[in-house]
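Protein chains in written order, with the numbering used here: chain A, 1 to 991; chain B, 992 to 1154.
Note that beta-carbon positions come from the ideal geometry of N, C-alpha and C, so glycine has one too.
Predicted model, so just to flag it, every value in this text is computed and none were measured.
Okay, so here's the structure we're looking at.
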Amino acid sequence: MSRRLRTGGRRIDRSRPVSFTFDGREMRGFAGDTVASALLANGQLLMGRSFKYHRPRSVVGSGPEEPNALVSIGEGARFEPNQRATVQPLWEGLVARSQNAWPSLDFDIGRVNDYGSKFLPAGFYYKTFIHPRPFWKHVFEPLIRRATGLGAAPTEADRDTYAHRYAYCDTLVVGGGIAGLVAARAAAAAGERVMLVERQELWGGRAPTDGATLDGQPAAEWVRDSVQALGAMENVTMLLRCEGSGVYDHGYVLCTESLTDHLAGKSGPRQRLWRVRAGRVVAATGAIERPLSFAGNDVPGVLLASALRDYVVDYGVSLGERTVIVTNNDDAYRTAKALLAAGLRVPAILDVREGMNSPLVNEVKGMGVRVHAGRGIARVHGDGRVTGVSVCAQSGDGTVLQEIRCDCVAMSGGWSPVVHLWSHCGGKLWWDEARAMFRPDADNPPTGADGKGFVSVIGAASGALSTAEVLTDVADTLGGPAPEVEDIAEGPIRQVWTMPEGAPHKLRAKMWLDYQNDVKVSDIRLAAQEGFESVEHAKRYTTLGMATDQGKLSNINGLAVLADRLDTTIPQVGTTTFRPPYTPVTIGTLAGEARGVAFQPLRRTPVHDWHENHGAHWEPVGQWRRPYCYPRPGESHADAVIREVRNTRERLGLLDASTLGKILVRGPDAGRFLDMLYTNMMSTLKPGRCRYGLMCDENGFLMDDGVVARIDDQTFLCHTTTGGAERIHVWMEDWLQCEWWDWKVHTLNLTEQFAQIAVVGPKARAVLEKLGGMDVSAETLPFMAWTDGTLGGFEARVFRISFSGELSYEIAVPAGQGRALWDALMEAGVEFGAMPYGTEALHVMRAEKGFIMIGDETDGTIIPQDLGLDWAISKKKEDFLGKRGQGRDAFRKPDRWKLVGLETIDGSILEDGAYAIADGTNENGQRRTEGRVTSTYYSPTLDRGIAMGLVARGPDRMGETLRFTQIGGEPVAARIVDPVFFDRDGEKQNV
Amino acid sequence: MSDTTVLAMDPVGLIALRGPLDVLAPAVEAETGCARPAQRLSTAANGMRVMWMSPDELMLICDHAAAPDIAARLTDRLGDAFATVVVVSDARVLFELTGPGAVLALASLMPVDFARLDPAEVRRTRMAQIPAAIWREGAAWRVMCFRSVARYAETLLRGAVPA
């Protein structure tokens, strides 16, 4: 039975009891406890069920590496699954729940998976659930998802908020153990701006737990003094509860600071993501102990030797009264000392080595502990918890030599440096055969823009084992004095990857490598046997290291087993890739402020509020919202569009065109510049006049269109599509800055400086005349002209341009006046039947007139000639962007798909994107096609479906009938017609 | 920290000038009294501020109503030189942040090393997902962004100021 010890526990405050619940049961802990230590203190050893076999599990670690003790924390809008109990601080009223168990943690039906585990080896799913095909989606997958898995997904939106903070420093030290503290002091003493972050809530790392002595002081005191000294320096920022999550290019590091996860009263952001730009990163991230692979190494009560030490020393908690220690190195003997000091019993140490003669081993032997050399564990007894172990010779086949009664097993398979931050950006590792660990290869660091390494690794993270080594390593890397410590020599480690060496399959099938994903030694061997020899393949086949712990305990053991099975070496097998984040980061933390209304910037025109107040149904256009239509109460969107089209064609429509791009192009070379950008001639445009133009990319493909107005000799105003404003401005600057740098042209994006309102319909002139102040007659302001003036008191620029085929003016005023102008037009327009219209009415009307729309008729593969726009392509100009591209053979083929109008025989509306069906099939056995629909609408003006499309040799096939696909229906017949459906002579717009 | 405030400012006059700075700066100084700003910095005089925007661009902040006349006079002063003067007052909006929490609020939204920011510096940068510029005006901070995203910017700033 696990329990709280009477004394000890440097992290807990026994004067501050804390109550919490686990699966609804009231429990008590102390301030400073983690959920794991508090559960253990309450005798709750069982903390979860494994992913696949539903085996009972308890803690195996004491920190972020923990694979087993995952619990759900919180309730409702603060519910979060899969939290590691070993790092979750306890707070008053905390609610924790177990996961992946039904009906209860103690009795879980899913355990049948374990009893049948011999039928569930690696790759089982891939092999078994193949036939019949539809069953995977509808039967197998839902069942498997229910039978396996971890915590449930939250059902409510996260109530917490999250913050970001950009920070800059010369040196970022990750890890506040003794290595990190010494490094920070060295960097700070050199005058650098230093940031020091520590994942835990205390400084000092393992040193105080393991009882080191520095400069003649106990570690805890030395740490306290160091922290005090650093805290007094202005150039040092120190953060606790802040984990170095990921290292990225150019010294960019994400650190995740926990702000309220340890508090009962939660206010303000829950976590803060530090987005640090560091001159260099110093990783002092320590090392993680490795489990040993023996049968039953996942039974509750079996845990890492260092973790047990942590529970006893840091939290005053024991997992059992009698602990058998099994090890291949000296460090585990420290656990024996800690247990004995706490009054607990150590009936045996099983050491796989022979002839150990180091001070630590001898000291523990001297304390009366029986050390069995060359021995290991054949198997662990017990189901819900350890009841004993069978001892065998490590070099044998598992023949049992002895049984030892115990209720806890502490194992140590050596240490793996935490090299994650070194590796995120490509730092290489080397295998230290003597120490049995991958260590950072200082000759192959992750490199910055200058080609030099920008991450260094110090202390245990670089493979230093003893306190003395750690400090020498820091001094070597950062300079500065090293604290004095007594160096205690340790005996060498012996590599052990399965215990015992000659274990038969029956034992290997109960040796867990990846606890969380239930991957065993036998699974890795099976993967190798089936040809998944690359470590990356073996990982994916078995899911080794793919759980939320990302294989912190399992990866090295797994690849060692793979190397053994493949009869090769560990460095030859290599590691899988270390990717950020180091431990899972809540999506909310990454999102920061980008949630709710701030999820994405929403661009609003000066008239946006009016649209909103008048029930606009929105259409997203880029980051703008434009009214799609303005449905009236009880009116469908389709009916609203019909009404808006008819009203505009018969009376007066108003459109908010403010989103259109408006780029000022000015300078002595402006005309020459626009002649290069547009396919047609712009330099000949007279001031006061407008011209429609097309823009192509270098390959000749049509990418934007719009009306250009010539303001004066040196000045043009180029209108672009709504989505094109920024892109075309950048396109212009690109050519000016990179290619034609000596041309005297300035561009300025004035899109947001002006509100622009289209006044459209037979009554357009009447309403402007009513506002008064400007002569907008056909004589003074003919089609495709513009003029400046004062309209109804507004300083305005009026363009006589039309995208609807109606008499139409676009009126631009400074954006701050936009709403007032709109209101004035609506008011003055009442007697003319003015109504606003949205983008869909705009689309319908332009389609009725056969005007193309960038993005509908174009898709990046269309040249203007495909759309019958040859008239807008200058034959006189020597060059323009796209001219060469359009000269390519492929574009001159007679069977190019070209723009035509399409009229269904029965008047129905073709489906958008429908294909024209041709005879026969292509080389892939697919039906041949000879065209497709690019725009299709119901035309209220003509009371029938109209469409535009691209058809092979279309313009030469007028009157032919094609058949167009219809999803779930018979093909629809449509006739090829002229794309201008309405007012071909332009009589309506030229009045 | 509750005395940190965000204020959406009344419209100001903004005039964009493009051209060689050797050409622009004397005209601007003659018109406004503002000396030529060094790279990334700004200068102020007579209630106006001129900001270095790029190697061939300045921006002048002035009174909103006065901007068209100032721009016209600047155009006259520049004569036939290759230079462009445009009023852009309505294209952008300004916010003012004051109080002890202002820098931390801004540091939560924009990648700026405030400790190394020159007191006269105008930093054109990114505020969450939009372009923005910041500078100091006395003890206060000014944030400038495009008009269409003013609502988004205000949401960001108010959310970033400690309660």
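Between which two residues does the alpha helix (DSSP H) harbouring residue i extend?
i, result
"A/N82", "Segment E80 to R84 is the beta strand (DSSP E) holding A/N82; no alpha helix (DSSP H) there."
"B/H1055", "That residue, B/H1055, is in no alpha helix (DSSP H); it is neither H nor E in DSSP."
"A/L273", "Not the alpha helix (DSSP H): A/L273 falls in the beta strand (DSSP E), residues Q271 to A283."
"B/T1146", "A1141 to A1151"
"A/R334", "A332 to A341"
"A/D487", "That residue, A/D487, is in no alpha helix (DSSP H); it is neither H nor E in DSSP."
"A/Q756", "A/Q756 -> not in any alpha helix (DSSP H); beta strand (DSSP E) instead, spanning F754 to V760."
"A/A764", "A764 to L771"
How would you list, in chain order, the residues of chain A whose beta-carbon sits under 7 Å from the beta-carbon of residue i?
i, result
"B/M1101", "Y166"
"B/I943", "Residue 943 of chain B falls outside the range modelled here, since chain B spans only 992 to 1154, and no answer is possible."
"B/D1081", "Q753, P814, A815 and G816"
"B/G1150", "E593 and A598"
Please report the straight-line C-alpha distance between residue i and residue j, rounded to a whole angstrom.
i, j, result
"A/L717", "B/R1064", "22 Å"
"A/L807", "A/G959", "31 Å"
"B/F1137", "B/A1124", "10 Å"
"A/A378", "A/M411", "13 Å"
"A/P620", "A/C738", "33 Å"
"A/A187", "A/S318", "40 Å"
"B/V1084", "A/Q623", "18 Å"
"A/T387", "B/G1092", "59 Å"
"A/W497", "A/R57", "22 Å"
"A/L40", "A/R4", "7 Å"
"A/P492", "A/P440", "20 Å"
"B/A1029", "B/V1014", "14 Å"
"B/M992", "B/A1096", "Bear in mind that a pLDDT of 47 at B/M992, under 50, signals an unreliable position, so the number given afterwards is only what the model happens to contain. Looking at the two C-alpha atoms, the distance is approximately 11 Å."
In the structure shown, what three-state DSSP assignment does residue i receive?
i, result
"B/M992", "Interpretation of B/M992 is limited by its pLDDT of 47, a score under 50 that renders its predicted location unreliable; the figure taken from the coordinates is listed afterwards. Looking at B/M992 - three-state DSSP - the assignment turns out to be coil, as it is neither helix nor strand."
"A/M732", "helix"
"A/R385", "coil"
"B/E1022", "helix"
"A/M676", "helix"
"A/P971", "coil"
"A/A348", "strand"
"A/D669", "coil"
Return the first residue and the last residue of the beta strand (DSSP E) that residue i is part of.
i, result
"A/Y915", "Y915 to T921"
"B/M1135", "A1131 to F1137"
"A/N749", "H746 to N749"
"A/T936", "R927 to S939"
"A/Q402", "Q402 to R405"
"A/D705", "L702 to D712"
"A/D432", "L429 to D432"
"A/W91", "No beta strand (DSSP E) holds A/W91; DSSP gives it neither H nor E."
Could you list which residues in chain B have their beta carbon closer than 9 Å to that of residue i, in chain order?
i, result
"A/R744", "Correcting the residue identity first, residue 744 of chain A is Lys in this sequence and not Arg. Within 9 Å Cβ-Cβ: F1073."
"A/L664", "T1075 and V1077"
I want to verify the contact list: residues of chain A whose CB lies under 8 Å from the CB of residue i, in sequence order.
i, result
"B/R1009", "H746 and L748"
"B/L1147", "E593 and A598"
So residue i contacts chain A; which residues on that side make the cut at Cβ distance below 9 Å?
i, result
"B/F1086", "By Cβ distance, chain A contributes nothing, its closest Cβ being about 15 Å from B/F1086, past 9 Å."
"B/P1046", "Result: empty, since nearest Cβ-Cβ is about 10 Å, beyond 9 Å."
Of all the CB atoms in chain C, is at least one closer than 8 Å to the CB of residue i?
i, result
"B/P1110", "In the structure shown, chain C does not exist; the protein chains are A and B."
Name, please, each residue of chain B whose Cβ falls closer than 8 Å to the Cβ of residue i.
i, result
"A/T605", "S1139"
"A/G667", "F1073 and T1075"
Give me the chain B residues within the contact set of residue i, using Cβ-Cβ distance strictly less than 7 Å, ordered along the chain.
i, result
"A/A163", "S1099"
In chain order, each alpha helix (DSSP H) run of at least 4 residues that lies wholly inside the stretch 579-605 of chain A | 587-591
Uninterrupted beta strand (DSSP E) stretches inside the stretch 22-70 of chain A (no shorter than 3 residues) = 25-31
Those runs of the beta strand (DSSP E) which lie wholly inside the stretch 617-664 of chain A and span at least 3 residues = 617-621, 624-629 and 652-656
Which full runs of the beta strand (DSSP E) of 3+ residues lie inside the stretch 540-566 of chain A, going along the chain?
-> none
Could you give the uninterrupted runs of the alpha helix (DSSP H) lying entirely in the stretch 281-333 of chain A, keeping only those of 4 residues or more?
-> 305-315
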